[in-house]
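Visitor:
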Amino acid sequence: MHALSNHVPISLSRPARRPRGTRRLAAIALLLAGAHTTLWAADMPADKIVAMSLPQLRAALDSGALSAEALVGAYLARIEAGDRGEQGLHAVIALNPDAMAQARAWDARHGQGKSSAPLAGIPFLAKDNYDAAGMPATGGSLALRTSIPATNAFVIQRLLDQGAILLGKTNLSELAASYGWYGYSSVGGQTLNPYSPLRTADGSSSGSAAAVAAKFAPFALGTDTTGSIRAPASVTGTVGMRTTMGLISRSGIIPMSLTSDVAGVITRTVEDQAIVLDAIQGKDDADGATVDVARPLSSLASGLAGAALAGKSIAVVDNFDGGSPDVDAVKRQAVAGLRKAGARIVELRLPKPYATLQPDLLGPIGLAEFRPQFEAYLAKLPAGQPHDLPAFLRALDGPTDRGTKVINPGRYKGLVENLETHTTDSAAYIRMLSVVIPDLKRRLLALMDQGGYDALVFPTIACTAPVVPGKTDPTFVCNSYAYAAGKISSATGFPEITVNAGWAPGNMPVGISFLGRPGDDARVLALAAAFERSHAGMPVAQAK
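Below is the structure:
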């Protein structure tokens, strides 16, 4: 059985963060102090509550076997036990002080036996680059530690409108860019992988993935520019999807590169993924990408019923093999499982441009877009906040921060470089958007159509979870750039989902990805659900 690690003290050669952790523990204690002594009608252990799927939570809440207050209390207690201090995961960056009151209010409105919206009364976490009214939206950066939005991101507002309860915000690679320090921010410190204190939860949606794996919440919002939902999900044994560009709004989220930015969610099952995607997808006039996109004709969750692999044509991509013998072994096991389930397997080598998308395309686009798009977000912040990149950098250099907080040096260097790389009017940038990307989409779609492939399949990343900076792990092997495969979806906008496929030495989860045609999110989800069911006999990760 694959168990979540009991962490040992971690030293990152950085200043200790105990004072902030202590404040968070006090906040949790205050939230829990007001909880009723009898929180649920049935004798339901807390470890059973936090392990429930979304349909199970829905049934328990609607039947009266469980209250929203009990549910929020169970997750808060788990965060208190597993997230703070030297042995904690450092996945949760801030808590919503009103979460318990909102849970009680939902309980008061909700009649036992009354059916509710799928996510009503259910708590969730959000990556701290989402705006949430009344809570700081720091992006993990000390420069924005006092930035408190007055309104919610579109996705958060949709969830709140459907009765979901925001539990808190999660840590991330600072401003959603890792620069080698995966899951580290100057606000939240280093997020650890629930399966090993020597490993990170990758990035940049590190806290969201670690929190869901550790059962701090049933789902957590994330963002993905060039792999930032999929990679963390892959290395934590969770499910993450980069949907077709435009399916989900990005408004109210700190941008990285809007050519590739998408919002999304990390869950523990494919069914849970589909349920949340149904809730958050929709047209938003504030995000033009959502206006003209083709939307599912029916619920994504309803399309999972009867999903099967038999008769499906799967192209197994081999461009990205060789990064890790352990990941390659899991890939072979997964492909054997697909074949056993009745899928038609075809080995495929993609044309070279699909293997070098980061240096050739996405990197230059990101360098061109970050400053103007980030400054457009900063310009809308209230007085007293940095309103452009130079002011943001000055805020990071404040004397009160040095000696107690540290920004990733690589991230800081990248921000300085961004002062000079905002070249969205260059001929090269314009050609990338108007010629190169459309050609990549056309060629990939033609390849899939000619082969009759339902999906392309490949390991989500070529290696297991990165080692925490300053630590060593003899079980970690990585012989190549691990993230090349994930750039295909980022460059083309085609949907990709990752689901756990097995385990590597060192107790490390390995994810497998299914990539489909644009707008074919329902089919991609169905294939992943069928694969998940075919692996139902695998050991399931359990928290100690």
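Number 544 marks the last residue of the sequence shown (UniProt numbering); no jumps.
Positions of the beta carbon are idealized from the N, C-alpha and C atoms, including for glycine.
Thinking residue 227 and residue 174 are a contact (beta carbons under 8 angstroms), I'd like their distance in whole angstroms, please.
Guide: Not a contact, Cβ separation roughly 16 angstroms.
Visitor: Mind checking whether residue 133 and residue 152 have CB atoms under 8 angstroms apart?
Guide: yes
Visitor: Around the C-beta of residue 107, are 16 or more other C-beta atoms found within 10 angstroms, so that it is buried, or is it exposed?
Guide: buried
Visitor: Would you mind listing the alpha helix (DSSP H) stretches within the stretch 194-253 that are 4+ residues and don't spill past its ends, in chain order?
Guide: Counting only runs of 4 or more, we get 206-213, 230-236.
Visitor: Is DSSP giving residue 52 helix, strand or coil here?
Guide: coil
Visitor: Give the C-beta separation of residue 142 and residue 186 to the nearest angstrom, bearing in mind that I take them to be a contact with Cβ-Cβ under 8 angstroms.
Guide: Sure, about 5 angstroms apart at Cβ, within 8 angstroms.
Visitor: Would the stretch 200-209 and the stretch 245-253 be scored as touching if the rule is three or more Cβ pairs under 8 angstroms?
Guide: no
Visitor: Relative to the C-alpha of residue 438, which candidate in 163, 281, 374, 518 has its C-alpha closest?
Guide: If we check each option's Cα against that of residue 438, 518 comes out closest.
Visitor: Do residue 234 and residue 492 come within 8 angstroms of each other at the CB atom, strictly closer than that value?
Guide: no
Visitor: With DSSP collapsed to three states, give me the class of residue 500.
Guide: strand
Visitor: What do you get for residue 292, buried or exposed, if any count of 16 or more other CB atoms within 10 angstroms of its CB means buried?
Guide: In summary, residue 292 is exposed, with fewer than 16 beta-carbon neighbours lying within 10 Å of its beta-carbon over all protein chains present.
Visitor: Evaluate contact between the stretch 472-480 and the stretch 518-530, counting only Cβ atoms and requiring at least three cross-stretch pairs below 8 angstroms.
Guide: no
Visitor: Mind listing, in chain order, the continuous alpha helix (DSSP H) runs of no fewer than 4 residues lying wholly within the stretch 67-100?
Guide: 68-82
Visitor: Could you check whether the Cβ of residue 82 sits closer than 8 angstroms to any Cβ belonging to chain B?
Guide: Absent from the structure is chain B; it holds one protein chain and no more.
Visitor: Whole angstroms is fine: what's the gap from residue 323's alpha carbon to residue 361's?
Guide: Spanning the two alpha carbons is a distance of roughly 22 angstroms.
Visitor: Considering residue 170, what are the terminal residues of the beta strand (DSSP E) in which it resides?
Guide: It spans 165-170 - the beta strand (DSSP E) in which residue 170 sits, taken as one unbroken run.
Visitor: Evaluate the contact criterion for the stretch 270-284 versus the stretch 479-494: three or more CB pairs, one atom per stretch, below 8 angstroms.
Guide: no
Visitor: Do you know how far the Cα of residue 183 is from the Cα of residue 319?
Guide: 27 angstroms
Visitor: By the three-class DSSP mapping on this structure, what secondary structure does residue 6 have?
Guide: Confidence at residue 6 is low in this model, with a pLDDT of 46, below 50, so its placement is unreliable and the value that follows should be read with caution. Coil.
Visitor: Would you mind stating whether residue 430 and residue 257 have Cβ atoms separated by less than 8 angstroms?
Guide: no
Visitor: Along the chain, where does the alpha helix (DSSP H) containing residue 344 start, and where does it finish?
Guide: Per DSSP, residue 344 belongs to no alpha helix (DSSP H); it is in the beta strand (DSSP E), 344-348.
Visitor: Just confirm the distance between the C-beta atoms of residue 242 and residue 224, as a whole number of angstroms; I'd bet it's less than 8 angstroms.
Guide: 5 angstroms
Visitor: If you drop the 5 nearest sequence neighbours on each side, which residues of the same chain put their C-beta closer than 6 angstroms to that of residue 312?
Guide: 343, 454
Visitor: So what does residue 127 bridge to, in DSSP terms?
Guide: 170
Visitor: Return the Cβ separation of residue 510 and residue 327 in integer angstroms, given the expectation that the two are a contact with Cβ distance under 8 angstroms.
Guide: 5 angstroms
Visitor: Using the three-state DSSP reduction, which class does residue 281 fall into: helix, strand or coil?
Guide: coil
Visitor: On the three-pair Cβ rule with 8 angstroms, is the stretch 209-216 touching the stretch 84-97?
Guide: yes
Visitor: Give every residue of the same chain whose Cβ lies closer than 7 angstroms to the Cβ of residue 445, excluding the five residues on either side of it in the sequence, and list them in chain order.
Guide: 517
Visitor: How many Å lie between residue 357 and residue 265 at the Cα?
Guide: 24 angstroms
Visitor: According to the neighbour-count rule (16 or more other Cβ atoms, all chains shown, within 10 Å of its Cβ), is residue 22 buried or exposed?
Guide: Its pLDDT being 39, under 50, residue 22 is placed unreliably in this model, and the value from its coordinates should be taken loosely. Exposed, since its Cβ has fewer than 16 Cβ neighbours within 10 Å.
Visitor: Find the nearest neighbour of residue 280 within the set 47, 442, 158, judged by alpha-carbon distance.
Guide: 158
Visitor: Which same chain residues end up closer than 6 angstroms to residue 148 when comparing Cβ atoms and leaving out the 5 residues on each side of it in sequence?
Guide: 136
Visitor: Could you give the distance in angstroms between the alpha-carbon of residue 146 and the alpha-carbon of residue 245?
Guide: 31 angstroms
Visitor: First and last residue of the alpha helix (DSSP H) that includes residue 315?
Guide: Unbroken run through residue 315 is the beta strand (DSSP E), 313-317; no alpha helix (DSSP H).
Visitor: How far does the beta strand (DSSP E) with residue 513 in it extend, from its first residue to its last?
Guide: 508-515
Visitor: Pull up the distance between the alpha-carbon of residue 76 and that of residue 70, whole angstroms please.
Guide: 10 angstroms
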